[in-house]
Every structure is written in structure tokens, then in C-alpha cells.
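Residue numbers (this note's numbering), protein chains in the order written: chain A, 1 to 406; chain B, 1 to 406. Inspection log for the structure reproduced underneath, given as C-alpha cells.
Here it is in C-alpha cells:
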């Protein structure tokens, strides 16, 4: 796990980023200089991505927001035993996992809602790769409606990928991250594929203002390595291929599809946003924590709200049944024993139930446990990206919350 | 006036900007290369600024939108005689003034609503300098509440401006654009003050990614020329000084103040947005046309909605009484004889009434005629910026609309 700094000098409220009219020069956070992704600026930036980058909004529709009923419960006295055996009180566990917000819905009621760092009820936090799970739901909905064939080879839908790793991959293999590919992820080499990729998606500033390479230019160059369908391998290009597939099959951008299929129906309080890349394609998205858990609640209830089916129940069932645990095990995630991956969701298989989890870099989690009528949403801004670094604290927290409520 | 191109090759629907997943390279519009502000890309860009630049949203609040009642009237058979004597049919007048949308509210009911180009009911168009009039209302509200002294010298509120043109200017002189200043507006010289200014405000891409000059760095360098209070002079720095004043006096950014004072109370259908500059300050804003006229309707009704006072009636009265017509005349606007300027609103003084007008580059207009219970909102994307170039067609259109409804 991350060793927390001894002091709270990373707290954005204390550091005063972007405060004042104008803020002092050394308190300015800008996209151009990449300071927005430096530490500890990151603790502010992840809650203000739309003020740093171009976005397109996910419209909530014209209706009123559906209030979340309140039934507060106390968790402050809980003790957390981390995966490596350390005892932490509730407050320390929240702080040491760099929490920006935590919201627990039980039977559709808010039993816990607290914000830290730059978090607040009306602040939209980037959900990073938790967005993959949103796109997974869109893709599975298209499959259910017969607009997308899960067994089709990718080039049938995206001919541009005929000479890439995806030439003989199926849509379902992309959804399940079972693609064998070469992908050079050396973050220390600015010319490595991962950086070219981040620049093309607009998630990293270009080397020069005139650089111009779209994701659609980079993806066809991804080369195959090994065989598809033999091991879970969590690789960024897959979600961009999936987004491309969903746009082509749904004949609309992800923003519009997510708004029309989901956001206009869940009583959302706020519009969401998608970060727009220079080619007009979406990368990750941002939402308020309350709206994030509203989406989780839709998954928990099998896709229905007040007897109105928003997402087909079969789609939710397919996700919750999970994927192949043996293929998942090959990826070697020590904190996730017995888990699987299905349609862009991480699936936790327990003795008596399955839980669906959306996970994003720096501490974004949406945890759905239908058996226990439980949805937990968490935003964070940890200094390091990998979600696994926070599992040590957060997975035991999930279980403490679950125990208290069941 | 602009000579319209003979063909409709500038119609963004026909040119296919940013269409397809992905769009072809030559149909991509990007902020970085300034193609977004080239012609005819501009016809698409002004309706998609938030997808090109960082923004902060003007929240509409959690409530339902207040539907605008419909009472359609026919205008298509109207003939327009332009200021230079040309006869145009209604459709040609709309097209030759590069209209993206036109909405007429009479007694609070929609009598005309049409969209063209990249316009649509749910599309947020940048309102350019029409935003100045919004900020004017915020400033006058603060003055009314005693939080801002109209007669105070600017450096009392913004000490940073003590050595600038604003050292001996009053807040009201800034509001009324009566500031004598040197401001080198040579658009052909990239080092001229106007370009430094546009780069600092984030409205123009920086020369390099590492360039870093805030508006608050540029404004103190604006030098005085002549005397204040002697002539109307419409200069960009004034609105940025005013924004700075409103932020300091209101102790919140413009986004929050506009949301809390106005947008949460007018039954808006959509959030608006402010373009955020690299120092966290707002420049211009964008809204849907329906929400734009909802704001106009608030001005028309003296700041009240259904007997609830949203903006003080005295603020609206002060604006509508207008400014000094003699001082205005010195600026030499040929299309605006007898007009004045008050608190960031252009005031049309007619024999029997005053009308308040918000105007923005490339054809944005919000026209409020309380005497005739009329509000007209217009979005446009004309090739050239000056509003006066469209007056030739649009002022006679206003009068045709007024005549038909009264």
C-alpha cells in the first residue's frame, strides 16, 4: 500500500490551490504544464477536471432530481484491519486511502455520506476507469437489443483495425479484456506507446501545440502478442476499441448514449461530463458522488427504477454472473483472489453472492452488492494510480460496512 | 454588412465537421491549431466551445425546468428592409445574418423558435460579449446590496490596479465603459495587447504550452489615455476588471454568483458554462437559447418571476433608464443613433420606450423591450466579429417582429 505522508500537507483545503481572485502564481494548477497531474495538486485536479480540459456534458434531462432518502448510521467507531494486518480507526482509514468522498446506500437510503479533500456534494469528480464499467453497460445493452453481435470479430464493426491485434478478436473478448497484445507501458519513456496513447486521448498535454494524432490513428498500430481468450489482461487500448465499437453500433457518441439510456432516468442531480479528445471521442467521465451511486443503485435493482426497466435485467444478470475466474487468476492480482472480470466490471465472487465493482485510478470505486441491498461509492485522489494499492485498506472497509448493515 | 457567400458552403450541417467515429482528419476542429476560430469552422465551434476549452458549469439547481408556453406565430412571410435599403425575405435575412437560432418570447410565450447551422434547442452556444450584460447585473446587484460602492475608485477594491489606467476610475465608470485607456488592438500583430490579452484569458491558444500570463498580470499594465468619464469607449479590459471587482466584492467566482443569483431561479432547462482561463477566472459563457431568453424574460419582468423578486427591481430600472447619449455618440456607432450604454447593457432609446440589449461578437443578441412585453434571443456565427456588421439586417428584423406583435 501507499505509505501515507506523516503530515496532512497534501490536503487541498489547506494548500489553497486556485483560491483567491486571482490565486497566487504558485497556487495555480494548469493542464498545459502537467502540474494538474503532479502531487499533491492531483488532490485538487481530480475534482476539477472540467475546469482544466474540454468536456461534453452528459445531460440529466429536464425533470426534477430524485432525492435520496436519508437514514444516517454511525461508522466512526469502526476499526479496520488492513489486508496486511494493521489496525486503523475509521478516520485514519479514510485519510490514509486519500478519500475525497464516501457514500453508502443501503436499500436505497443514504446511511453514510462524507466528503474530504476537494470533495463536496455538488463537485463532479473524474471517475477514471470506473467509466469503463459504464461503457460496458452501454455495450451489453446494444448486444441485448441485437444492435451489436458479441461474437462478431472486431474488424466487422471497425474495419480500420483489420491489421491490428484486434483482427481476430471478438467483441466479447474486448469487453472481457481477454486480448493478447503488445503494449509498451513504460511511463518513464515519453515516446512509449502509453504516452502516445495518453496524448492522443487528450488525457496528457501534447508535446507541441501542433501535434495531432487521434486515438483512431494509434489503435490500428497495436500488435498482437500471444492468443486471445487465454488470460485476463487489463490494457487501456481495449476500452478505446470498445468505445469505438459502441459509437459505431449505437450510432451516437458515448455522451449521448449514456445520457439517453441512463442519466435521464435515474433522477440525477447534476449533468455528468465526458472528457473530449481532440478527435471528438470521449475518454473518461466525471459525476457527483450522489449521481455515481444512483447509477450503482440502478445496477443493484437489476436495471429497474420503481418498476420501470431502464437497463435490461439480462444485462445486469450477465455482468453479475461474472467471468472466468481461472483466466482472471492468470493476471496475478494478489488483492483480488477468486475475482473475475466481465463486460468491464470487476466481479467479487464470495461464498454466498457476487458483487460488481467499477474501479478507477487513484481511488475511484463503485461497489454493488445486490444480495445485501448495498451500494458504496468512493472518490479518491491517491498519489499513485493503481487501484490495487488501495485495496489493502478499502476492501476491509467494504466488509466492515457490509457487516454493520446486514 | 457582411457580403454573404453565394453558396451555402459554410453550413456546418453540410460540411460535416466532427461527424463520424472518428471524423476524417480534415473535418476535425481543434482548439490547439486555432482551426476552431477559422472560417467556416466557426459555424460549428461557437456551438461546441465546451468541447474545445475548459469550462465551469453554471448550475441550474435541482428543481424541474419551467416550460415556456407555446403560442406560435408566422413570420416567414415578413419582408425585411435592411438599413441600406435592400429588401430581404425572412429566410434570406436569417441566412444572410448567419443565424444559428432565433427565439421570440411575447408575454412570456414562445411565438417563434427556429434553429439553423449547428444550433439546436439543447445546444449551448457561446454568448460572447452578451455575457458582459450578465456580469453587469451581478455588479449592480452587489451595488444595490451595499457590498460594492459604485463611486469607489477601482484600486480600493483591486489594489493591484493602482498604477494602471484604473487608478482614478470609479466602479461605475468601468461598468459604463467610460475609461480612457491605451489599448493596442492590432489583430495582425501577435504581440499586440489584444492577443496577449486573448491568450491570458484562455480564449486564444498560447504561443507555447509553457506560456503563463494571467489576466491579473496583464490588466495592471493597461495605461491611461485621455480622461475618464468623457466618452463611451467599448474596450475588453473593462469587463475583465469588472469581473475581478465582482469576484472580490461578491467573494465568489462569477459562475457561482450567476448560478446562485439567477440560474437556479429562472427554471433553466440546462446548466450554462463559463470558459475558465488558466488562472481560474471566467471569460465568456454559454447557454441554450431557451435559457438565454429566460434570463431576458427576468429582465423584462423587472427581476421578478411569479411575484418572487429574483433581481432587485431597482437594478433593472437603473439599466433600462440607460446612460448618457452624448457620451455614447462620441464613439461614432453609425447603426446605433441615439443609443446609450449602461452597466454593460446597450440601451436603445426610442420615442416611447427604452430597450435593453446584450450583444456579443459574431451575432449574439438578447433584446428586451418591456413596454412591448417582448424578449428576442438570437445566436449567430457570422464570419466577422463586430456586432455592428449584423445591425444592418438584424435591427430591421427586430422592428418587424415588434410591429407584428403589437
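Positions of the beta carbon are idealized from the N, C-alpha and C atoms, including for glycine. The structure presented is a predicted model; accordingly, all values stated were derived computationally and were not measured.
The region 380-391 of chain A and the region 29-47 of chain A touch, with no fewer than 3 CB-CB distances between them shorter than 8 angstroms. Around the C-beta of residue 188(A), fewer than 16 other C-beta atoms lie within 10 Å, and the residue is accordingly described as exposed. At a Cβ-Cβ threshold of 8 angstroms, residue 254(B) and residue 243(B) count as neighbours. Listed by position along chain B, the residues whose Cβ is nearer than 7 angstroms to that of residue 63(A) are 64. With distances taken between CA atoms, residue 231(A) lies nearest to 341(A) out of 65(A), 288(A), 341(A) and 371(A).
Taking CB atoms only, residue 14(A) has no neighbour in chain B less than 8 angstroms away. Taken in chain order, the whole alpha helix (DSSP H) runs of length 4 or more contained in the region 207-275 of chain A are 215-218, 236-250 and 254-258. Cβ proximity to chain A below 7 angstroms picks out 244 from the region 233-245 of chain B.
Boundaries of the alpha helix (DSSP H) harbouring residue 391(A): 388-405, taken from the DSSP string. In the three-state reduction of the DSSP assignment, residue 293(A) falls in the helix class, which pools H, G and I. One alpha carbon belongs to residue 195(A), the other to residue 82(A), and they sit about 34 angstroms apart. A direct Cα-Cα distance of roughly 30 angstroms separates residue 246(B) from residue 59(A).
When the five nearest sequence neighbours on each side are left out, the beta carbons in the same chain lying within less than 6 angstroms of the beta carbon of residue 185(B) are those of 194, in order along the chain.
Annotation for residue 69(A): 108, 109 and 110 place their beta carbon closer than 8 angstroms to its own, counting only its chain and skipping 5 residues before and after. Per DSSP, residue 303(B) lies in no beta strand (DSSP E) segment and is marked neither H nor E. At a cut-off of 8 angstroms, the C-beta of residue 28(B) has a neighbouring C-beta in chain A. Residue 39(B) counts as exposed, since fewer than 16 other C-beta atoms from the protein chains shown sit within 10 angstroms of its C-beta. The beta carbon of residue 280(A) sits closer than 8 angstroms to some beta carbon of chain B.
Straight across, the Cα-Cα distance linking residue 286(A) with residue 269(B) is about 20 angstroms.
Under the three-state reduction of DSSP output, residue 347(A) falls in the strand class. Under the 10 Å beta carbon count, residue 309(B) is surrounded by fewer than 16 other beta carbons and is classified as exposed. Burial state of residue 297(A) is buried, judged by a 10 Å Cβ sphere holding 16 or more other Cβ atoms.
Linking residue 289(B) to residue 366(B) through their CA atoms gives a straight-line distance of about 10 angstroms. In this chain, residue 369(B) is not harboured by any alpha helix (DSSP H); it is covered by the beta strand (DSSP E) spanning 364-369.
DSSP places residue 114(B) within a strand segment (E or B) once states are collapsed to three. Closer than 8 angstroms to the CB of residue 52(B) there is at least one CB belonging to chain A. Taken atom to atom, the span from the alpha-carbon of residue 363(B) to that of residue 87(B) is near 20 angstroms. Here DSSP, grouped into helix, strand and coil, assigns residue 284(A) to strand. In this structure, DSSP gives residue 91(B) a helical state, which the three-state scheme calls helix. By the 16-neighbour rule on beta-carbons within 10 angstroms, residue 124(A) is buried. For a cut-off of 8 angstroms, the C-beta gap from residue 75(A) to residue 99(A) is around 12 angstroms, too long to register as a contact. Under the Cβ distance rule, residue 247(A) counts among the residues neighbouring chain B, one pair being separated by less than 8 angstroms. For residue 54(A), the three-state secondary structure derived from DSSP is strand. Around the beta carbon of residue 89(B), fewer than 16 other beta carbons sit within 10 angstroms, so the residue counts as exposed. Taking the Cβ atoms as the reference, residue 273(A) lies roughly 5 angstroms from residue 50(A), within the contact range of under 8 angstroms.
Ranked by Cα distance from residue 56(A), the first of 303(A), 29(A), 283(A) and 349(A) is 283(A).
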